[in-house]
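Let me begin by presenting the structure, written as structure tokens, before commenting on it.
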Amino acid sequence: MNKLRIDPFTLLLLGAIVLASFLPVTGNAADWLAAAGSVAVALLFFFHGAALSREQIVAGATHWRLHILITSLTFVFFPLAVLPINGLSGLIPQWMPADLGLGFLYLGVLPSAVSSSIAYTAMARGNVPAAICSAAASNVFGMMLTPFLLLLVVSTSGTGIFPLARH
2 MNKLRIDPFT LLLLGAIVLA SFLPVTGNAA DWLAAAGSVA VALLFFFHGA ALSREQIVAG
62 ATHWRLHILI TSLTFVFFPL AVLPINGLSG LIPQWMPADL GLGFLYLGVL PSAVSSSIAY
122 TAMARGNVPA AICSAAASNV FGMMLTPFLL LLVVSTSGTG IFPLARH
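Note that my numbering has the sequence shown beginning at 2, numbered continuously upward.
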């Protein structure tokens with residue numbers, strides 16, 4: 002049973018999701034919390050990056066097979082994986098409203114969250130320099146690829162590449 006122990010960070014993350022579901026933050030507090038989140042991500046990058054030597058950063062940046070795998074998963078596999086889920090909104094609208102299906106499409110084409118990419122890699126004692134480089138690259142490429150991917154999977158005119166993704 003000791004092997005089934007859940008990490009405290011995961012429990013805190015789940016607790017935050019449940020709390021936010023019942024007590025969402027609004028108004029000025031929401032603006033403050035958004036700013037605090039941006040500062041937290043910047044500090045995460047700084048503290049993990051500041052602890053790395055130049056050699057570790059270069060080694061992480063040149064781990065090209067890992068970066069190709071992560072980029073492929075983020076920008077090919079996940080967008081394709083959400084298409085069948087979104088298709089349920091057309092087949093079973095009472096189970097999956099169209100707006101929820103569209104939300105899954107948006108989620109599927111977004112790059113990974115930088116903070117969780119680095120935090121989970123560090124907790125697993127993985128290659129943190131490579132995770133930092135890959136997360137940063139994924140988000141930079143994501144700024145360019147996300148609109149293009151949405152154009153491919155979402156159609157508002159009734160014509161599109163993927164007929165299951167019409168909205």
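Glycine included, each C-beta is placed from N, C-alpha and C at the ideal position.
Inset, instruction - For residue 86, I'd like the list of residues in its chain whose CB is within less than 6 Å of its CB, leaving aside the five on either flank, ordered along the chain. - result: 105
Inset, instruction - Give the secondary structure of residue 155 by DSSP, where H, G and I count as helix, E and B as strand, and everything else as coil. - result: coil
Legend entry - First through last residue of the alpha helix (DSSP H) which encompasses residue 53: No alpha helix (DSSP H) contains residue 53, which DSSP labels as neither H nor E.
Legend entry - Identity of the residue in 20, 36, 111, 121 nearest residue 79 by Cα: 111
Inset, instruction - Determine the DSSP secondary structure at residue 11, reduced to helix, strand or coil. - result: helix
Legend entry - Per-residue DSSP class, three states only, for residue 246: Since the displayed the chain opens at 2 and closes at 168, residue 246 lies outside it and no answer follows.
Inset, instruction - With a 10 Å radius around its C-beta and 16 neighbouring C-beta atoms as the bar for buried, classify residue 122 as buried or exposed. - result: buried
Inset, instruction - Along the alpha helix (DSSP H) that carries residue 122, what are the first and last residues, could you check? - result: 115 to 124
Legend entry - Three-way DSSP call (helix, strand, coil) for residue 26 in this model: coil
Inset, instruction - Measure how close the beta-carbons of residue 139 and residue 71 come, nearest whole angstrom, since I'm counting them as under 8 Å. - result: 6 Å
Inset, instruction - Have a look at 103, 128, 49, 132 and flag the residue whose alpha-carbon is nearest the alpha-carbon of residue 152. - result: 103
Legend entry - Classification of residue 38 by the beta-carbon crowding that lies within 10 angstroms, buried from 16 upward: exposed
Inset, instruction - Go through its chain and collect everything with a Cβ distance to residue 26's Cβ below 8 Å, but skip five positions before and after it. - result: 34
Legend entry - For residue 6, three-class secondary structure by DSSP: coil
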